[in-house]
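J.:
Residue numbers (our numbering), protein chains in the order written: chain P, 1 to 424; chain H, 1 to 424.
See below:
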């Protein structure tokens with residue numbers, strides 16, 4: 001069994017001011033390659049604490065150590081130096097890397113009208129590479145490192161996830177890392193996604209599948225409620241393939257309507273495919289632009305996204321979506337009738353053939369007995385009159401309710417466009 | 001200096017399927033009491049890995065160790081057992097605690113129609129307490145523990161944050177913990193926020209401040225790039241107050257325009273205050289609703305937020321914001337002129353007195369030499385004609401550019417409403 005440890009550096013992570021995204025992400029990547037992650041250690045910017053963490057990983061006989069953070073230009077960014085000492089490989093200036101960083105910084109200095117020489121000097125330490133280590137090209141200005149250290153290999157990556165993630169691929173391609181990973185047996189895995197079913201029901205289904213004679217112990221099943229959807233992750237070695245297949249079949253059979261993805265495809269990706277050739281207009285109130293933001297998150301959205309009217313005020317619903325103020329007066333801004341009028345208005349104003357509207361009580365104030373906080377009305381419709389209307393009560397706090405509103409909008413859009421029966 | 005380490009247990013946390021909320025939370029609590037947290041270690045449900053983490057904490061001479069998780073009734077919940085062995089204090093059945101748990105479980109078993117005897121038997125292990133340890137009353141069914149272990153004290157808490165947090169107070173009241181905390185000196189702290197300055201410039205300013213004779217070693221300064229803003233966190237003991245003050249003065253003096261917050265207030269909070277008594281209309285293209293989503297994220301936004309037109313398609317810019325199609329044809333949808341027309345359209349259509357427009361090239365496609373990916377035009381204006389217009393080139397990928405667009409929109413709004421000079 002190949003074991004790995006992850007060291008996340010940064011006082012801002014240790015003190016809880018920012019939450020660590022890198023440890024869990026790297027852990028998932030390693031698990032997918034059959035590497036067992038034993039420890040994630042978070043340390044501040046003190047060199048002696050980072051060194052202690054590295055020595056702990058060595059004492060625990062990790063084959064692979066991955067660090068994140070501490071590669072910036074400031075004095076408290078000390079990871080390269082500490083790892084170099086740990087691996088007993090003195091730091092040397094990598095002239096080629098210095099030139100790459102200089103190239104990146106020239107544009108940067110120009111944009112911010114900074115003294116180029118001063119910026120370059122501050123970033124010179126980022127081009128220091130331990131002897132015999134592999135430098136990984138920077139995504140920002142900080143190069144990563146792959147450093148052989150006796151019986152183990154240390155991968156050194158920068159802290160910002162958007163730099164770390166692309167550099168991870170380069171790290172895996174470095175020879176010392178390849179050699180370690182070649183000794184691990186990769187796990188197979190699939191991810192199913194469901195919407196509109198509680199986690200406890202999945203646990204029940206799994207017990208039933210086991211009672212039907214499927215040996216669940218042969219696979220590793222993780223069920224996780226993630227941003228309003230259930231993600232079921234099944235990992236297994238080659239020899240357990242038929243068990244894994246039976247688990248999938250058993251779950252789909254029991255939750256056909258709720259299962260929307262068998263291959264880890266997200267609802268956002270599915271909706272993007274379904275929207276090809278269509279023109280979408282949105283009308284949002286309580287979701288406050290979050291549904292539009294989700295739709296436009298994927299590149300290429302301009303092919304089908306006409307726009308969204310975020311009509312927070314009632315006058316905006318009237319002025320920009322043509323909702324009759326008398327209807328709002330009679331039924332209330334949060335009502336299936338106003339949701340319908342908003343969706344029809346979006347079809348018309350955007351010249352769209354698909355529209356979704358969302359209006360609800362996001363809270364914490366504004367709830368009534370009849371329409372409590374979390375009561376949300378949706379209307380998803382095609383220009384031909386096909387419609388899915390729902391008005392669920394969503395649990396949770398303001399942020400949850402807003403996010404869930406956008407998510408339900410995505411699922412109704414999928415059901416509307418694919419003709420699948422909605423799970424709620 | 002009193003030092004502490006935190007051990008978070010749970011395979012679901014280690015593998016990244018759920019994100020750890022306890023480590024950062026405990027860390028913040030301890031920092032507020034002047035305890036320096038050196039390490040947070042995340043381990044899975046393997047007893048030997050938990051034991052290794054505890055031994056690491058002992059080797060690093062932690063005065064206090066706090067664990068979370070692994071106190072449930074199932075076979076893989078082993079924290080109490082491992083800590084008892086670590087502290088060399090055999091587990092003993094605590095009859096009083098068993099009765100308390102039984103009391104809780106009787107209601108539980110009844111509600112779920114479970115076999116009471118079976119449930120009690122499964123939970124019997126939760127009443128096992130290391131000899132000489134203090135048991136903390138459960139919030140769920142798992143009691144916590146305060147276990148003296150030679151020169152240090154181990155606080156053992158359950159994993160669910162809603163159980164851990166109330167039990168933390170009880171843990172602090174336990175005598176062995178009081179004794180450790182009495183030796184710590186609480187830290188003071190402030191957080192400054194800046195926008196529109198690179199991190200390397202802050203490093204340079206700090207070097208200058210030090211060269212001016214301010215003893216930076218007397219305070220702990222953390223600089224962190226967080227979602228496009230720089231967060232500078234300064235922690236210090238009473239006797240270093242004048243140094244901390246000089247650091248703040250020195251930084252403000254050098255970055256007056258870029259410093260928007262001296263007291264950890266966020267840009268969102270500031271904009272919310274500034275918008276009181278106003279009516280805001282937005283016109284978004286490339287930010288795709290993210291600016292509206294940010295504005296409506298805070299409760300109470302309906303007092304000033306009229307809405308946003310997310311005009312992704314050019315026809316939507318014309319139809320919903322009254323932008324002259326000939327202007328779009330002549331200048332391009334991404335141009336200061338169209339941004340201006342969008343903002344004026346938002347003022348009119350929403351009947352607003354403040355408007356911000358954003359139109360740009362989010363990429364990855366659609367860039368030209370003249371208007372590359374990341375080129376974004378902003379127009380922030382009041383009904384009286386006061387205006388701030390900017391068209392910066394934003395670095396990064398689609399997601400960064402979109403998020404940064406919304407952020408710049410927030411800052412321009414702040415500058416427009418407060419009369420402060422914009423940092424870019």
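Cβ atoms here follow ideal geometry from the backbone N, Cα and C, with glycine treated the same way.
Bear in mind the structure is a predicted one, so any value in this text is a computation, not a measurement.
Let me know the beta strand (DSSP E) ranges lying completely inside the stretch 365-401 of chain H, each 3 residues or longer, listed in chain order.
T.: Those beta strand (DSSP E) runs which fall completely within the stretch 365-401 of chain H and span 3+ residues are 376-382, 387-390.
J.: Select from the stretch 169-203 of chain H all residues with a C-beta closer than 9 Å to any C-beta belonging to chain P, and list them in chain order.
T.: Answer set for the stretch 169-203 of chain H: 191, 196, 197, 198, 199, 200, 201, 202, 203.
J.: Could you give the DSSP three-state label for residue 249 of chain P: helix, strand or coil?
T.: helix
J.: For residue 286 of chain H, count the other beta carbons within 10 Å of its own beta carbon; 16 or more makes it buried, fewer makes it exposed. Which is it?
T.: buried
J.: Take every Cβ of the stretch 311-326 of chain H, pair it with every Cβ of the stretch 258-271 of chain H, and state whether three or more of those distances are shorter than 8 Å.
T.: no
J.: Determine the direct distance from the alpha carbon of residue 369 of chain H to that of residue 413 of chain P, and round the result to whole angstroms.
T.: Taking the straight line joining both Cα atoms gives about 37 Å.
J.: By DSSP, does residue 337 of chain P sit in helix, in strand, or in coil?
T.: helix
J.: Output, in chain order, the set of chain H residues within a Cβ distance shorter than 9 Å of residue 320 of chain P.
T.: 307, 309, 320, 349, 350
J.: Considering only residues of the stretch 185-211 of chain P, which uninterrupted beta strand (DSSP E) runs meet the minimum length of 3 residues and lie entirely inside it, listed in chain order?
T.: 188-194
J.: List, in order along the chain, the chain P residues whose C-beta lies closer than 9 Å to that of residue 233 of chain H?
T.: 11, 12, 15, 17
J.: State whether the stretch 296-303 of chain H contacts the stretch 339-352 of chain H, with contact taken as three or more CB pairs (one from each stretch) at a distance under 8 Å.
T.: no
J.: In chain H, which residues lie less than 9 Å from residue 224 of chain P when you measure between Cβ atoms?
T.: 12, 17, 18
J.: Checking 8 Å against the spacing of the C-beta atoms, do residue 240 of chain P and residue 214 of chain P come in under that value?
T.: no
J.: The alpha helix (DSSP H) with residue 161 of chain H in it runs from where to where?
T.: 161-173
J.: In terms of residues, what are the limits of the alpha helix (DSSP H) holding residue 47 of chain H?
T.: 47-59
J.: Does the beta carbon of residue 378 of chain P sit closer than 8 Å to a beta carbon anywhere in chain H?
T.: no
J.: Report the three-state DSSP secondary structure of residue 276 of chain H (helix, strand or coil).
T.: coil
J.: In the structure shown, what three-state DSSP assignment does residue 420 of chain P receive?
T.: Here residue 420 of chain P sits in coil by DSSP.
J.: Run the CB neighbour count on residue 71 of chain H, radius 10 Å, all protein chains shown included, and call it buried at 16 or more, exposed below.
T.: Buried: at least 16 other Cβ atoms inside 10 Å.
J.: Do residue 316 of chain H and residue 289 of chain P have their C-beta atoms closer together than 8 Å?
T.: no
J.: Tell me the start and end of each unbroken beta strand (DSSP E) in the stretch 257-325 of chain P that is at least 3 residues and wholly inside, in chain order.
T.: Within the stretch 257-325 of chain P, the complete beta strand (DSSP E) segments of 3 residues or longer fall at 259-261, 280-284, 305-311, listed in chain order.
J.: Return the first residue and the last residue of the alpha helix (DSSP H) that residue 14 of chain H is part of.
T.: 11-14
J.: Counting along the chain, where does the beta strand (DSSP E) carrying residue 155 of chain P start and finish?
T.: 152-157
J.: When the Cα atoms are used, what is the spatial distance from residue 250 of chain H to residue 350 of chain H?
T.: 43 Å
J.: Taking its Cβ as the centre, do 16 or more other Cβ atoms sit within 10 Å of residue 132 of chain P, making it buried, or is it exposed?
T.: Residue 132 of chain P comes out exposed.
J.: Alpha carbon to alpha carbon, what distance is there between residue 2 of chain H and residue 242 of chain H?
T.: 23 Å
J.: Against residue 503 of chain H, what residues of chain P qualify as contacts under a CB-to-CB distance less than 8 Å, listed in chain order?
T.: Examination of residue 503 of chain H is not possible in this model, given that chain H is present from 1 through 424 alone.
J.: My assumption, with CB atoms under 8 Å, is that residue 91 of chain H sits in contact with residue 130 of chain H. Please give the rounded CB distance.
T.: 6 Å
J.: Would you mind sorting residue 377 of chain P into buried or exposed? The rule is 16 or more other CB atoms within 10 Å of its CB.
T.: Burial of residue 377 of chain P is indicated by the presence of at least 16 other C-beta atoms within 10 angstroms of its C-beta.
J.: From the DSSP secondary-structure annotation, give me the bridge partner or partners of residue 82 of chain P.
T.: DSSP, once it has assigned bridges, lists no residue as partnering residue 82 of chain P.
J.: Taking beta-carbon pairs under 8 Å, can you tell me which members of the stretch 69-84 of chain P lie near chain H?
T.: 72, 73, 74, 75, 76
J.: Could you name the residues of chain H that residue 290 of chain P contacts, counting a contact when the two beta carbons are closer than 8 Å?
T.: 289, 293
J.: Can you list, in chain order, the residues of its chain whose CB lies under 6 Å from that of residue 54 of chain H, leaving out five sequence neighbours each side?
T.: Around residue 54 of chain H: 86.
J.: Let's see if you can read the secondary structure: which residues bound the alpha helix (DSSP H) around residue 27 of chain P?
T.: 22-32
J.: By DSSP's criteria, residue 146 of chain H is part of a beta bridge. Which residues make up the other side?
T.: H:134, H:155
J.: Could you tell me which chain H residues have their CB closer than 9 Å to the CB of residue 334 of chain P, listed as they occur along the chain?
T.: The premise fails here: residue 334 of chain P is roughly 12 Å from chain H at the closest Cβ pair, so nothing lies under 9 Å.
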